[in-house]
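**Student:** Numbering (the working numbering), first residue to last: 1 to 293.
1) If you follow the alpha helix (DSSP H) that residue 268 is in, where does it begin and where does it stop?
2) What residues in its chain sit with their C-beta under 7 Å from that of residue 35, if we drop five residues either side in the sequence?
3) Considering only residues of the same chain and omitting the five flanking positions on each side of residue 51, which have a CB-CB separation below 8 Å?
4) Mind checking whether residue 274 and residue 163 have CB atoms under 8 Å apart?
5) Please list, in chain order, all residues of the same chain as residue 101 whose beta carbon is under 6 Å from its beta carbon, the five residues on each side excluded.
6) Would you tell me roughly how many angstroms separate the C-alpha atoms of residue 147 and residue 260, rounded to the nearest one?
7) Of the residues 7, 5, 4 and 18, which one's Cα is nearest the Cα of residue 226?
8) Are there 16 or more other CB atoms within 10 angstroms of the CB of residue 184, so buried, or fewer, so exposed?
9) Would you decide whether residue 49 is buried or exposed? Buried here means 16 or more other CB atoms lie within 10 Å of its CB.
10) For a test of the three-state rule: what should DSSP assign to residue 6, helix, strand or coil?
11) By the DSSP assignment, the beta strand (DSSP E) with residue 81 in it spans what residues?
12) Which residue or residues does DSSP assign as beta-bridge partners of residue 89?
13) Work out the CA separation of residue 83 and residue 62 for me, nearest whole Å.
14) Hey, is the stretch 154-163 in contact with the stretch 138-146, meaning 3+ C-beta pairs nearer than 8 Å?
15) In the DSSP output, which residue or residues are listed as bridge partners for residue 69?
16) Could you tell me the boundaries of the alpha helix (DSSP H) in which residue 259 lies?
17) Please give the ranges of any beta strand (DSSP E) in the stretch 213-259, keeping only runs that are unbroken, at least 3 residues long and fully inside the region.
18) Rank 165, 190 and 232 by C-alpha distance to the C-alpha of residue 180 and give the top, closest one.
19) Thinking residue 276 and residue 171 are a contact (beta carbons under 8 Å), I'd like their distance in whole angstroms, please.
20) Roughly how many angstroms separate the alpha carbons of residue 204 and residue 237, rounded to a whole number?
21) Looking at residue 10: is its Cβ nearer than 8 Å to the Cβ of residue 228?
22) When you compare only the Cα positions, how much space is there between residue 92 and residue 41?
23) Would you call the CB atoms of residue 120 and residue 138 closer than 8 Å?
24) Is it right to say residue 232 is buried, meaning 16 or more other beta carbons lie within 10 angstroms of its own, or is it exposed?
25) For residue 26, which of helix, strand or coil comes out of DSSP?
26) Taking the beta strand (DSSP E) that residue 279 belongs to, which residues open and close that run?
27) Return the bridge partner residues of residue 163 from the DSSP annotation.
28) Find the nearest neighbour of residue 5 within the set 285, 24 and 114, judged by alpha-carbon distance.
29) By Cβ distance, which residues of its chain are closer than 8 Å to residue 220, with the 5 residues on each side in sequence left out?
30) Helix, strand or coil for residue 179 per DSSP?
31) Looking only at DSSP bridge pairs, what is residue 193 linked to?
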């Protein structure tokens, strides 16, 4: 059964907002694109799902970039969501292999590191950007995002993210949800939501049994009056292009340009998607000469 990656937004009369994301295909694309180890796939899948959930201003096609820069051996984890629906990402050390936790689970926290910084950059339709940071609290991605939302954006949130990697290293499940209280929400309603969430269990187990995620909001908002606001498909997409690569080269200092012209060609590879761009010496020289004129 084919399940399309998607994000669905809900709101309740009790002033509680829920977003649910299903990202198995996107995480699988990242796994094959970067040849990710299981723990690297789990960390990046969680981060990419988190970027989708944080890009919640779908009316304005918001973009969000996340960078988890921890002290673990995985290095930095980068995830972007732009236009509220296109996703990409990479990790510094994609083939990292570390022991499982004692419970047999992938040790994402050990890979990312429990100390470091999360940077969040938001892009608005007016082309304005702003970046804010928060300390990592666990390296588990979801907890770090919840801490960021509370301390940097003053929004109490519950966020659950998970990636299940099959024995053949394919992605069996990936996704998560974000729950936020709107101003005026009552404590008793929030307590009810918390109790409902405990009934879900591990999000990877839930998505393995219910891959479309359609009933997840009904469990979270059980006993409340809620409605679906908006849904849209999600997909992997990179913003790199040959023209972008050329623009980067054109912006170099004159000394750097001269150094490049000593080589028969220039090769550049996009970190996000692995696309390889080759520009010949003659083409490069013509570009630089045109810029001068």
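Just so it is clear, CB atoms sit at the ideal spot from N, CA and C, and this is done for glycine as well. Quick caveat: nothing in here was measured; it's all calculated off a predicted structure.
**Tutor:** This is what the structure holds:
1) Run containing residue 268: none in the alpha helix (DSSP H); it sits in the beta strand (DSSP E), 265-269.
2) Cβ within range, chain order: 94 and 95.
3) If we look at residue 51 and ignore the five residues flanking it on each side, its Cβ neighbours are 64, 65, 66, 79, 80, 81, 87 and 89.
4) No. Outside cutoff.
5) Closer than 6 Å at Cβ, skipping near neighbours: 107.
6) Spanning the two alpha carbons is a distance of roughly 44 Å.
7) Residue 226 has its Cα closest to that of 18, out of 7, 5, 4 and 18.
8) Here residue 184 is exposed, its C-beta having fewer than 16 other C-beta atoms within 10 Å.
9) So residue 49 ends up on the buried side.
10) DSSP places residue 6 in strand when its eight states are reduced to three.
11) Per DSSP, the continuous beta strand (DSSP E) segment holding residue 81 begins and ends at 77-82.
12) BP columns for residue 89 point to 79.
13) Using only the alpha carbons, I get a separation of about 5 Å.
14) Because the criterion of three Cβ pairs below 8 Å is met, the stretch 154-163 and the stretch 138-146 touch.
15) Answer is 117, bridged to residue 69.
16) 254-260 is the extent of the alpha helix (DSSP H) around residue 259.
17) Here the runs fully enclosed are 226-233.
18) Nearest option by C-alpha distance: 190.
19) The Cβ separation is near 25 Å, so there is no contact.
20) Cα-Cα distance, rounded: 24 Å.
21) It is a contact, given that the beta carbons lie within the stated cut-off.
22) Near 12 Å, if we compare the C-alpha coordinates of residue 41 and residue 92.
23) No, these two residues do not count as a Cβ contact at 8 Å.
24) It counts as exposed.
25) If DSSP states are grouped into helix, strand and coil, residue 26 belongs with the helices.
26) Start and end: 276-280.
27) Paired residues: 174.
28) Between residue 5 and the set 285, 24 and 114, the nearest pair of CA atoms involves 24.
29) Correct list, in chain order: 18, 177, 179, 193, 196, 197 and 200.
30) In the three-state reduction of the DSSP assignment, residue 179 falls in the strand class, which pools E and B.
31) Bridge partners of residue 193: none, in fact.
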